[in-house]
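Here the structure is laid out as structure tokens; the discussion comes afterwards.
In the working numbering, the protein residues as written are 430 to 755.
Here it is in structure tokens:
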């Protein structure tokens, strides 16, 4: 091959390199989301907060977002955080954690802001809930609790998150399944995380409920006792009897999800939708979920929107059945 041929090959290689470089620049890429804010509409330590911080960690680990900040906005079963999320005029991108309990809180608190004003982005996880008592409580079993309630309903205080929350719903379902009068149930909204734990350990409430992980360390340390859990069958590695195996037809999974602003552009929605798919498929997210006993319920934005429509009807029907809303 002559020098002219070699020169031609070099020119072709150079041209190809320029073409590849141009192609790399032109190809669409999901840019890192900068300054992302995640609203956790509850105090630190509870399920909403745990999901917000897990999302913060994994999105940063995967370089999907940077400078991610979790902001706790507690109150009224999450509706204060929801209201702030909807009405805030911030320029930074933002997300909000929500869940099953927000449906009831919106109805019961007659919130002027509803989930119709946010964009369902992704269904994330579900969690089964135990009933727990202090280790030194005279209540040793579910039957002990039901006997105490039947003898004197007012002597049993049921603690959990806000009125209308999954904690409230589960407590009501237990009373109803046992043949008790739900209207005589003394439910105390003790908050989530640390507040509820202090009330339980201090024997200020008789029994409490919430996500299993919220109590896991205190159960393992022997400071709390779990007397039943809302799963369909016993969970691996968790030695707690279900309601069903103790004769009560009670089952409940508390789902958690993430919402976005309603006015997102199509490209922004796609970026966040893709990001949630990457997060929930990642080893980091799976490890956190396994550690905390979260069940993978992932649904994409459009799938979650359809699920949410059905779930609103189901939960509102349950709330009416329990006499919590008209």
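Where a beta carbon is used, it is the ideal one built from N, C-alpha and C, also for glycine.
Starting from residue 684, follow its DSSP beta bridges and name the residues at the other end. Locating residue 684 in the chain shown gives position 255, where the first residue counts as 1. For residue 684, DSSP records a beta bridge to 555.
Rounding to the nearest angstrom, what Cα-Cα distance links residue 550 and residue 745 in this structure? The residue given as residue 550 occupies position 121 in the chain shown. The residue given as residue 745 occupies position 316 in the chain shown. About 22 Å.
I'd like the list of long-range same chain contacts for residue 457, defined as Cβ closer than 6 Å, with 5 residues on each side in sequence excluded. Along the chain shown, one-based indexing puts residue 457 at 28. Reliability of the predicted coordinates at residue 457 is poor, the pLDDT of 39 falling under 50, and the value obtained from them is presented with this limitation in mind. Result list for residue 457: empty, nothing under 6 Å.
Cβ neighbour criterion (16 or more within 10 Å) applied to residue 478: Within the chain shown, numbered from 1, the residue matching residue 478 stands at position 49. Buried, by the Cβ-count rule.
Mind the definition here: the segment 501-512 touches the segment 538-549 only if three or more C-beta pairs lie below 8 Å; say whether that holds. yes
Does the contact criterion of 3 or more C-beta pairs under 8 Å hold for the segment 516-526 versus the segment 658-668? Two segments are said to touch when three or more pairs of C-beta atoms, one from each, lie closer than 8 Å; by this definition the segment 516-526 does not touch the segment 658-668.
Using the DSSP secondary-structure output, state which residues sit across from residue 549 in a beta bridge. For the purposes of this step, residue 549 is taken as residue 120 along the chain shown, with counting starting at 1. Residue 549 is bridged to 688.
Quick check: what's the CA-CA separation for residue 445 versus residue 713? If you number the chain shown from 1, residue 445 lands on position 16. If you number the chain shown from 1, residue 713 lands on position 284. Reliability of the predicted coordinates at residue 445 is poor, the pLDDT of 42 falling under 50, and the value obtained from them is presented with this limitation in mind. If you take the alpha carbons of residue 445 and residue 713, they lie about 39 Å apart.
Cα-Cα, which of 708, 632, 653, 634 is closest to residue 642? As a first step, residue 642 must be located in the chain shown, where it is residue number 213. When only C-alpha atoms are compared, the closest one is 653.
In three-state DSSP terms, what is residue 645? What you label residue 645 is simply residue 216 of the chain shown in a count that begins at 1. For residue 645, the three-state secondary structure derived from DSSP is helix.
Do you know offhand how far residue 732's Cα is from residue 632's? As a position in the chain shown, residue 732 is number 303, starting the count at 1. As a position in the chain shown, residue 632 is number 203, starting the count at 1. So the two alpha carbons sit approximately 43 Å from each other.
Please state whether DSSP places residue 507 in a helix, a strand or coil. The sequence position of residue 507 within the chain shown is 78, counting from 1. For residue 507, the three-state secondary structure derived from DSSP is helix.
Quick one: is residue 692 buried, meaning 16 or more other Cβ sit within 10 Å of its Cβ, or exposed? In the chain shown, counting from the first residue as 1, residue 692 sits at position 263. By the 10 Å Cβ count, residue 692 comes out exposed.
Per DSSP, what kind of secondary structure is residue 594 in: helix, strand or coil? Counting from one through the chain shown, the residue named residue 594 turns up at place 165. The answer is coil: DSSP assigns residue 594 none of H, G, I, E or B.
Please name the residue in 689, 481, 469 whose C-alpha comes closest to that of residue 729. Against the chain shown, residue 729 aligns to sequence position 300. If we check each option's Cα against that of residue 729, 689 comes out closest.
Let's test the definition: count the other Cβ atoms within 10 Å of the Cβ of residue 710 and tell me whether it reaches 16, buried, or not, exposed. Here the question's residue 710 lines up with position 281 in the chain shown. By the neighbour-count rule (16 or more Cβ atoms within 10 Å), residue 710 is not buried but exposed.
In whole angstroms, what separates the C-alpha of residue 754 from that of residue 492? Sequence index remark: in the chain shown, residue 754 carries index 325 (1-based). Sequence index remark: in the chain shown, residue 492 carries index 63 (1-based). So the alpha carbons of these two residues sit roughly 44 Å apart.
Enclosing alpha helix (DSSP H) for residue 708 [first to last residue]: Your numbering for residue 708 matches position 279 in the chain shown. Note, residue 708: alpha helix (DSSP H), 695-710.
Residue 706 versus residue 574 - alpha carbon distance: For the purposes of this step, residue 706 is taken as the residue at position 277 of the chain shown. For the purposes of this step, residue 574 is taken as the residue at position 145 of the chain shown. Straight-line Cα distance between these residues: approximately 42 Å.
Could you tell me whether the Cβ atoms of residue 484 and residue 684 are closer together than 8 Å? Translated into positions along the chain shown, residue 484 becomes position 55. Translated into positions along the chain shown, residue 684 becomes position 255. No, the pair does not count as a contact, with Cβ atoms beyond the cut-off.
Does the Cβ-Cβ distance between residue 629 and residue 637 come in under 8 Å? Sequence index remark: in the chain shown, residue 629 carries index 200 (1-based). Sequence index remark: in the chain shown, residue 637 carries index 208 (1-based). The answer is yes: Cβ separation under 8 Å.
For residue 475 and residue 496, I'd like the C-alpha separation in whole angstroms. Translated into positions along the chain shown, residue 475 becomes position 46. Translated into positions along the chain shown, residue 496 becomes position 67. Cα to Cα, residue 475 sits roughly 22 Å from residue 496.
Beta carbon of residue 462, beta carbon of residue 741: below 8 Å? Counting from 1 along the chain shown, the entry for residue 462 is found at position 33. Counting from 1 along the chain shown, the entry for residue 741 is found at position 312. When the beta-carbon positions are compared, residue 462 and residue 741 stay at least 8 Å from each other.
Answer yes if the segment 594-610 comes into contact with the segment 556-565, meaning at least three C-beta pairs across the two stretches below 8 Å, and no otherwise. yes
C-alpha gap between residue 566 and residue 695, whole angstroms: Stepping through the chain shown from its first residue, residue 566 is reached at position 137. Stepping through the chain shown from its first residue, residue 695 is reached at position 266. Straight-line Cα distance between these residues: approximately 54 Å.
Run through the DSSP bridge pairs and tell me what residue 750 is partnered with. To locate residue 750, count along the chain shown from 1; it is residue 321. Its beta-bridge partners do not exist; DSSP assigns none.
Find out if the Cβ-Cβ distance for the pair residue 589, residue 581 is shorter than 8 Å. Within the chain shown, residue 589 is the residue found at index 160, counting from 1. Within the chain shown, residue 581 is the residue found at index 152, counting from 1. Note that the C-beta distance between residue 589 and residue 581 is not below 8 Å.
Helix, strand or coil: which one does DSSP assign to residue 523? Against the chain shown, residue 523 aligns to sequence position 94. It is a strand residue.
Assuming residue 535 is part of the beta strand (DSSP E), what are its boundary residues? Here residue 535 refers to the residue found at position 106 when the chain shown is read from its first residue. No beta strand (DSSP E) contains residue 535, which is instead part of the alpha helix (DSSP H) from 529-537.
With distances taken between CB atoms, is the gap from residue 704 to residue 488 smaller than 8 Å? Numbered from its first residue, the chain shown carries residue 704 at position 275. Numbered from its first residue, the chain shown carries residue 488 at position 59. It is a contact, given that the beta carbons lie within the stated cut-off.
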